[in-house]
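To start, the structure itself, in structure tokens.
Structure representation (structure tokens):
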């Protein structure tokens with residue numbers, strides 16, 4: 199099944215990584231997602247992460263470097279090729295997020311959906327993706343998703359409804375991965391926990 203990501207003209211593979219490398223070269227922090235995820239895992243005593251929509255592995259590789267067990271999942275071969283080239287020792291799975299039940303076994307302490315993953319899904323598949331990823335969580339595990347809020351795309355209200363239907367409860371929401379308070383705006387990072 200195709201996704202909005204595959205239909206977009208967003209940079210892929212090494213071109214995608216080059217943007218982050220240029221940003222890091224300016225001295226800007228580029229690991230806000232990993233910082234937040236690490237904090238959540240440490241406070242809960244978790245170690246296992248599924249990076250869903252992992253792209254070139256930027257977040258997964260950083261989390262692995264910090265001592266966590268990480269599996270990266272994406273359906274874009276060019277992005278995964280870049281991830282595999284940088285970290286061949288990690289487990290990278292090529293699969294569509296609407297078909298994770300058949301591709302992923304085991305349970306995770308945290309599922310990460312960084313990089314606008316939720317708004318690049320095909321309309322109508324979001325409920326299936328959220329439900330399947332929620333099923334990959336251990337009891338008490340967390341799903342963390344950050345995405346832009348755009349007209350015509352997945353809204354926070356709808357995302358919360360999908361999470362609730364999948365057995366998840368909203369725990370926290372911020373405007374950034376650096377935990378800036380959310381008071382509306384065009385981006386949100388949401389943490390839902392499995393009941």
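Residue numbers (our numbering): 199 to 393.
In this text, a Cβ means the ideal position worked out from N, Cα and C, and glycines have one as well.
If you're wondering where the values come from, they're calculated on a predicted model, not measured in any experiment.
**Study point:** Classification of residue 390 by the beta-carbon crowding that lies within 10 angstroms, buried from 16 upward
**Key:** The residue is buried, with at least 16 neighbouring Cβ atoms inside 10 Å.
Check your understanding: What is the residue span of the alpha helix (DSSP H) that residue 231 lies within?
Key -> Counting along the chain, the alpha helix (DSSP H) containing residue 231 begins and ends at 230 to 242.
Practice item. Can you give me the Cβ contacts of residue 296 inside the same chain, cut-off strictly under 7 Å, excluding the 5 residues immediately before and after it? Key: The residues are 199, 323, 326, 327.
Check your understanding: Can you name, in chain order, every residue of its own chain whose Cβ lies under 7 Å from the Cβ of residue 358, other than the five neighbours on each side?
Key -> Only 368 meet the Cβ criterion.
Review point. When DSSP builds the beta bridges, which residues end up paired with residue 250?
Key: DSSP output for residue 250 lists 271 as bridge partner(s).
Review point. Looking at the structure shown, is residue 367 part of a helix, part of a strand, or coil, going by DSSP?
Key: In this structure, residue 367 counts as strand in the three-state DSSP scheme.
Check your understanding: Taking just the CA atoms, how far does residue 384 sit from residue 299?
Key -> Approximately 31 Å between the Cα atoms of the pair.
**Study point:** Cutoff 8 Å; reference residue 373; Cβ partners in own chain excluding five residues on either side
**Key:** Result list for residue 373: 379, 380, 381, 383, 385, 386, 387, in chain order.
Check your understanding: Touch check for the region 339 to 356 and the region 255 to 267: three-plus C-beta pairs under 8 Å?
Key -> Touching, no, given that fewer than three Cβ pairs across the two stretches are closer than 8 Å.
Check your understanding: Is DSSP giving residue 307 helix, strand or coil here?
Key -> Residue 307: strand per DSSP, three-state reduction.
Exercise for review: Could you please give the first and the last residue of the uninterrupted alpha helix (DSSP H) stretch that includes residue 331?
Suggested key: 324 to 333 is the span of the alpha helix (DSSP H), which, as asked, contains residue 331.
Review point. In the DSSP assignment, what residue or residues form a beta bridge with residue 390?
Key: Partner(s): 341, 368.
Review point. Residue 378 lies in the beta strand (DSSP E); which residues open and close that run?
Key: Run containing residue 378: none; DSSP gives neither H nor E here.
Point to revise | residue 336 in three-state terms, based on DSSP | key: The answer is strand: DSSP assigns residue 336 an E or B state.
**Study point:** Collapsed DSSP secondary structure at residue 351 in the structure displayed
**Key:** Assigned with DSSP and collapsed to three states, residue 351 falls in coil, not helix or strand.
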